[in-house]
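All remarks here apply to the structure that follows.
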């Protein structure tokens, strides 16, 4: 019984895995036709000295400006950011800020990463995300499918744990 409890605890405990990524931190509420600024931040578990980041924005958003954080050199052109630095970055880091104007209610998930590449200190490229050929609508469908698959795996995990519990109960019953 003790092993069963430990097994159930192990299978159901959340795993906090940090992955290389870029994300936006935007205001919680943005009114229609309002300009607003989002911080663009990143995370890497290894030292990086360069990054390429390309993003897609829906037609309801207009990009006003993209300002690069002073730790980086490089630039942004047509939603593609190419940056490098002499100081290797590891962990959380600032990328810059993006100023946008919205014509409807805004959700930061509306801005999709279509390409993300990190260059490590040994000048090796690591492609993190490659959705260059997909439209914003395709990316939204992928997000919904990914969410469904996570639910599927969660349900399968619960079924496996319950199955193990039932099998152990029957083994105990037969052994008596």
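Residue numbers (the working numbering): 14 to 189.
For each residue, glycine too, the CB sits at the ideal point set by N, CA and C.
Item to check | Those runs of the alpha helix (DSSP H) which lie wholly inside the stretch 45-84 and span at least 4 residues | outcome: none
Item to check | CA-to-CA distance, residue 104 to residue 92, given in whole angstroms | outcome: As a working note, residue 92 is residue 79 in the chain shown. As a working note, residue 104 is residue 91 in the chain shown. Their Cα atoms are separated by approximately 24 Å.
Item to check | 7 Å Cβ cutoff met for residue 71 and residue 122 | outcome: Taking the chain shown and counting its residues from 1, one reaches residue 71 at position 58. Taking the chain shown and counting its residues from 1, one reaches residue 122 at position 109. Their beta carbons are not under 7 Å apart, which means residue 71 does not touch residue 122 by this criterion.
Item to check | Where the beta strand (DSSP E) through residue 124 begins and ends | outcome: The count along the chain shown starts at 1 and reaches residue 124 at position 111. Where residue 124 is concerned, there is no enclosing beta strand (DSSP E), given that its DSSP letter is neither H nor E.
Item to check | residue 89 versus 102, 67 and 74, residue with shortest Cα-Cα distance | outcome: Your numbering for residue 89 matches position 76 in the chain shown. Checking every option, the nearest Cα to that of residue 89 belongs to 67.
Checklist entry - To the nearest angstrom, how far is it from the Cα of residue 44 to the Cα of residue 129? => result As a first step, residue 44 is located in the chain shown; it is residue number 31 there, counting from the start. As a first step, residue 129 is located in the chain shown; it is residue number 116 there, counting from the start. Approximately 30 Å between the Cα atoms of the pair.
Next on the checklist: Could you tell me the alpha carbon to alpha carbon distance between residue 109 and residue 80, rounded to whole angstroms?
Outcome noted: Here residue 109 refers to the residue found at position 96 when the chain shown is read from its first residue. Here residue 80 refers to the residue found at position 67 when the chain shown is read from its first residue. Looking at the two C-alpha atoms, the distance is approximately 5 Å.
Item to check | Close-in-space but distant-in-sequence residues of the same chain around residue 60 (CB under 8 Å, 5 per side omitted) | outcome: Start at 1 with the first residue of the chain shown, and residue 60 comes out as number 47. Contacts found: 101, 102, 103, 133 and 134.
Next on the checklist: According to DSSP, is residue 136 part of a helix, a strand, or is it coil?
Outcome noted: Residue mapping note: residue 136 aligns to position 123 of the chain shown, counting from 1. It is coil, neither helix nor strand.
Item to check | Distance CB(residue 77)-CB(residue 112) smaller than 7 Å | outcome: Walking along the chain shown from the start, residue 77 turns up at place 64. Walking along the chain shown from the start, residue 112 turns up at place 99. Yes, they are a contact pair.
Item to check | Reduced DSSP category for residue 119 - H, G, I as helix; E, B as strand; rest coil | outcome: As a working note, residue 119 is residue 106 in the chain shown. Three-state result, residue 119: coil.
Checklist entry - Roughly how many angstroms separate the alpha carbons of residue 52 and residue 107, rounded to a whole number? => result By one-based count along the chain shown, residue 52 stands at place 39. By one-based count along the chain shown, residue 107 stands at place 94. Approximately 8 Å between the Cα atoms of the pair.
Checklist entry - Should residue 35 be labelled buried (16 or more other beta-carbon atoms within 10 Å of its own) or exposed? => result The sequence position of residue 35 within the chain shown is 22, counting from 1. Looking at its Cβ environment, which holds 16 or more other Cβ atoms inside 10 Å, residue 35 is buried.
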